[in-house]
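Right, one structure below, let's go through it.
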Amino acid sequence: MLIGYCFIQAHMCSGINLPTFYFVKNFVLFSLFLFSCLPVLSVSDPPGPPHPLHSLKRQCRKIERLWKKTHLHVHLLLLKDLLTSFNSAVRDARVSYFSNLVSQSKGNPKVLFNTISSIVSPASPTASIHSVADCENFLSFFVDKVNKVRSSISPSALSPPLPTPTRPIILDSFAPVSLPELTKLVNSMKTSACPLHILPSSLFKSAFQSIGPSVLSIINASLVSGQVPAYFKNAVIHPLLKQPSLDPSLHSSFRPISKLPFISKILEKVVAKQLTAALDEHNIYDSFQSGFRRAHSTETALLRVSNDLLTHSDAGDGSVLVLLDLTAAFDTVDHHLLLERLRDWVGLSGSALEWFSSYLSERSFSVAVSKFRSSTTSLTHGVPQGSVLGPLLFLLYLLPLQHILSSFKGISYHLYADDIQLYISFKPHEMSKLQLLHTCLDSIKTWMVGAFFS
């Protein structure tokens, strides 16, 4: 009852930023109240019989102390035998543990992949940050990297606009959600850690029965008004090593992953669900895009490309495959062009389009690792990696590329997010077809310059 009363101010306010402010303010009070009521727990032995490994380890320690005291050879031999038994028991326990995880992950390839990856791949090193100044250096690097890409593109080099498709309006407003729908969505979300969290997301979910009506008011006010609360547009960047083999001492080895407030991810989930339904209904996606789509993966991209190449090889044809990768593709997305894509190539209008305009405007971010955090700066370009909507918006930003690639008959392509595979097959006497590939690459380069890609 006390918790529900704390959020009456947020629930009764009009507009969008004011109720969000009161919600955050009262959430702080609720958090302080909650933690003040938590009992202090002392660590004790877990209930039930001790694990056999614990008993065996204690025996090893006991004999080790005895051998150090007596230095007798018989005690050394006994210690070696016990250590051999202990190491064997540890291996058996690991095998049993991971075997159970694999069997329980049947039908869930994501969990299965993460389980196997944790066994065969070492943990990626984190960024070497020991002060606020290190965070500031990362912040400057991420900002300068995008600015360099955009400044390298002169206005004269911008590509001419493509013909605007005649796309009917598929979504002009977002529908408000009900409390049961929102509760189901929140319960299905993974917990996450973010320095902007007032309360751990696990406790947020636990308390949702009490704070749900206030959260619902904020979410629906945003959907109806086409405005995103300012608090939702702040992100904390965590530098993530791109590959374990890269040098962790270099800033260029890291990609910026955005950590957003849990409540902002709830709003993005609601919007993404309605937008995805409209995209599926009107078949807006590029048919040969396998990134960030349901029932698509790197496997679908690999299977199609390899199958096409092997089929032509069996027929005696030669093939040329061109692989294109973009530099900082997510971070260089132009917001004005993205809104044009959403309007002309997707078919958004009204408050739905206004919502995305608000979502992209006045965003800010800082860099944080461990207990250190940089100052805050504006995010004027790009879609946040680590957000719910970022990958989806990036796919929609690439829609004109489908128009270009499909116009070259005889050239096949497949995309996985920003990874582009182009390939052409030909008979030994048809080498002249390679000129078509050169022309296609020139068209792609021209379009990418206009899209601020490098």
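Heads up: the sequence shown runs through residues -42 to -1, 1 to 412, numbered per mature numbering (1 follows the signal peptide of the UniProt record, and there is no 0).
Don't be surprised by glycine CBs; every beta carbon is placed ideally from N, CA and C.
Environment of residue i [buried if 16+ CB atoms lie within 10 Å]
{"i": "Asn265", "result": "exposed"}
{"i": "Met406", "result": "buried"}
{"i": "Asp244", "result": "buried"}
{"i": "Phe(-36)", "result": "Residue placement at Phe(-36) is flagged as unreliable, the pLDDT there being 46, under the threshold of 50; the coordinate-derived value follows with that caveat. Answer is buried; the Cβ neighbour count reaches 16."}
{"i": "Asp39", "result": "exposed"}
{"i": "Gly368", "result": "exposed"}
{"i": "Ser172", "result": "buried"}
{"i": "Gly274", "result": "exposed"}
{"i": "Pro358", "result": "buried"}
{"i": "Leu237", "result": "buried"}
{"i": "residue 457", "result": "Since the first residue shown for the chain is -42 and the last is 412, residue 457 is missing from the structure and cannot be characterised."}
{"i": "Ala151", "result": "exposed"}
{"i": "Asn178", "result": "buried"}
{"i": "Arg321", "result": "buried"}
{"i": "Arg252", "result": "exposed"}
DSSP beta-bridge partners of residue i
{"i": "Phe323", "result": "Ala193 and Thr335"}
{"i": "Tyr317", "result": "Bridge partners of Tyr317: none, in fact."}
{"i": "Gln247", "result": "Leu373"}
{"i": "Leu306", "result": "Leu129"}
{"i": "Leu199", "result": "Phe212"}
{"i": "residue 456", "result": "Given a span of -42 to 412 for the chain in the structure shown, any question on residue 456 remains unanswerable."}
Close Cβ partners of residue i (< 7 Å) along its chain, the five nearest in sequence each way excluded
{"i": "Phe411", "result": "Leu284, Ala287 and Thr290"}
{"i": "Gln247", "result": "Leu353 and Leu373"}
{"i": "Leu41", "result": "Cys18"}
{"i": "Val341", "result": "Phe288, Val291, Gly348, Leu351 and Phe352"}
{"i": "Pro126", "result": "Gly305"}
First and last residue of the uninterrupted beta strand (DSSP E) at residue i
{"i": "Leu282", "result": "Gly276 to Asp283"}
{"i": "Arg213", "result": "Phe212 to Lys217"}
Chain-order list of residues whose beta-carbon lies under 6 Å from that of residue i (same chain, five-residue window excluded)
{"i": "Leu363", "result": "Tyr371"}
{"i": "Leu34", "result": "Trp25"}
{"i": "Ser401", "result": "Ile362"}
Where the alpha helix (DSSP H) through residue i begins and ends
{"i": "Asp39", "result": "His31 to Gln62"}
{"i": "His372", "result": "It is not in any alpha helix (DSSP H) - His372 instead sits in the beta strand (DSSP E) that spans Ile369 to Tyr374."}
{"i": "Asp377", "result": "Looking at the DSSP string, Asp377 is not in any alpha helix (DSSP H); the run it does join, the beta strand (DSSP E), is Asp377 to Phe384."}
{"i": "Thr256", "result": "Thr256 to Asp272"}
{"i": "Ser109", "result": "Val90 to Ser109"}
{"i": "Pro358", "result": "Leu357 to Ser364"}
{"i": "Ser159", "result": "Ser159 to Ser164"}
{"i": "Ala230", "result": "Phe220 to Glu239"}
{"i": "Asn72", "result": "Pro67 to Val78"}
{"i": "Asp400", "result": "Leu392 to Gly408"}
Sequence-distant residues of its chain with Cβ nearer than 8 Å to residue i (five each side left out)
{"i": "Ala230", "result": "Val346, Leu347 and Leu350"}
{"i": "His339", "result": "Val104, Arg108, Asp289, Thr290, Val291, Asp292, His293 and Phe410"}
{"i": "residue 416", "result": "Lying outside -42 to 412, the shown extent of the chain, residue 416 is not represented and no answer is given."}
Any non-hydrogen atom of the ligand HEM within 7 Å of residue i CB
{"i": "Ala179", "result": "Annotation note on the ligand HEM: not contained in the displayed structure, which lists no ligands."}
Report task. Mind the definition here: the stretch 302 to 309 touches the stretch 159 to 174 only if three or more C-beta pairs lie below 8 Å; say whether that holds. Result -> No: fewer than three Cβ pairs fall under 8 Å.
Query raised in the report: On the three-pair Cβ rule with 8 Å, is the stretch 364 to 383 touching the stretch 267 to 280?
Result: yes
Query raised in the report: Between the stretch 349 to 358 and the stretch 327 to 336, do at least 3 Cβ pairs fall closer than 8 Å?
Result: Because the criterion of three Cβ pairs below 8 Å is not met, the stretch 349 to 358 and the stretch 327 to 336 do not touch.
Query raised in the report: Below 8 Å, can you find three or more Cβ-Cβ pairs linking the stretch 133 to 149 to the stretch 100 to 108?
Result: no
Query raised in the report: Can you find at least 3 beta carbon pairs, one from the stretch 209 to 226 and one from the stretch 176 to 188, that sit closer than 8 Å?
Result: Judged by Cβ distances under 8 Å, the stretch 209 to 226 makes contact with the stretch 176 to 188, as three or more pairs qualify.
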